[in-house]
Amino acid sequence: MHSTIVRGQNVFGFFTSVCFFVAALIAASDLLAPRTPKATVSVKDVQVVRGRPHYYSTKKEEYAVIRFSLSADLSSLFTWNTKQVFVYVSASWPNSTLGEDGKGELVNEAVIWDSIITNPSADHLQNIGPAAMKKLVKSSKGKKIDPSRGKLELKNQKAKYQITSPTGKLAETDNVVLKVHYNVQPWVGVLTWTPQIEFGMWKKVKGGVSKVFKFPALKAKKEAEKKKA
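Start counting at 1 in the sequence shown, then tack on 137, and there's your number in this note's numbering.
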């Protein structure tokens with residue numbers, strides 16, 4: 138005869154095994170849902186200014202301030218297992234130095250804007266006041282996936298973050314592009330990022346890359362040249 142403790146351990150072990158199996162099925166179900174995101178991003182204005190990285194710094198660096206427009210349809214990323222989608226836009230440009238192996242060029246990449254899009258049933262997890270939270274919890278009960286979730290329309294959007302490079306110099310840098318990325322956080326399963334290759338029903342972002350542009354000369358230099366003229 139087994140003791141009560143041993144029987145409890147057996148029951149708990151069986152329970153956790155069943156939970157793990159069900160969770161694995163839920164996570165695997167995401168592979169059956171097609172992901173066909175598409176996006177269009179374009180640059181509207183770019184400025185390069187000089188500033189200090191922190192208050193006590195005596196050395197100034199060059200920072201790029203970017204305005205852009207974004208039209209994206211990420212609604213296919215929302216399934217019954219989607220908790221929220223983190224979407225962000227990055228600026229990428231080649232580095233002037235070679236890689237450690239002496240072959241090819243390194244690529245600099247910095248995030249200029251980001252946003253979190255929650256599933257209707259996860260709206261109450263946002264950092265909001267208690268009164269607004271009660272309303273969201275009440276309105277989200279039994280609510281299906283909103284088809285408009287994941288659709289973004291930004292016009293002449295100012296970047297959230299000024300960006301710089303490891304060298305501290307950005308002015309007159311060529312071959313810069315903006316790229317749209319996303320990260321899907323499920324209720325159960327692993328985080329998935331923007332795929333670099335197509336995998337089954339998961340497609341790469343259609344579009345999502347801007348035309349190549351150039352960081353302009355320093356704004357201060359331009360103003361000085363106008364005064365001299």
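All C-beta atoms, glycine included, are put in the ideal place defined by N, C-alpha and C.
In whole angstroms, what separates the C-alpha of residue i from that of residue j?
i	j	result
ALA170	GLN299	37 Å
ALA165	LYS175	23 Å
SER437	LEU291	Nothing can be reported for residue 437, as the shown portion of the chain is limited to 138 through 366.
VAL155	LEU162	11 Å
VAL224	TRP324	17 Å
VAL248	VAL226	6 Å
PRO257	ASN293	27 Å
PHE152	GLY326	19 Å
VAL244	PRO303	11 Å
THR141	GLY150	14 Å
PHE215	ARG172	9 Å
ARG204	TYR192	26 Å
GLN188	THR301	Reading off the sequence, residue 188 comes out as Gly, not Gln. About 10 Å.
LEU355	TYR319	32 Å
What does DSSP give as the partner residues of residue i in its beta bridges?
i	result
LEU207	VAL178 and LEU291
ASP311	Answer by DSSP bridge pairing: none, since ASP311 is not bridged.
ARG172	TRP339
PRO190	Answer by DSSP bridge pairing: none, since PRO190 is not bridged.
LYS316	SER227 and VAL346
VAL325	Partner(s): none; VAL325 has no beta bridge.
ALA247	ALA228
TRP330	ASN320
ALA296	None, per the DSSP bridge assignment.
ALA201	VAL185 and ILE300
Could you tell me how far apart the beta carbons of residue i and residue j are, in whole angstroms, since I believe they sit closer than 8 Å?
i	j	result
LEU307	VAL185	5 Å
ASN218	ASP167	6 Å
TRP250	ALA296	5 Å
For a cutoff of 7 Å on Cβ pairs, would you count residue i as touching chain C?
i	result
LYS288	Chain labels in this structure do not include chain C; a single protein chain is all it has.
*Counting pairs of beta carbons, one from the segment 302-319 and one from the segment 141-157, are three or more of them closer than 8 Å?*
no
_With three or more beta-carbon pairs closer than 8 Å as the criterion, would you say the segment 320-340 touches the segment 196-204?_
no
*Entirely within the segment 141-166 and at least 4 residues each: give me those alpha helix (DSSP H) ranges in chain order.*
List check, alpha helix (DSSP H) in window: 141-165.
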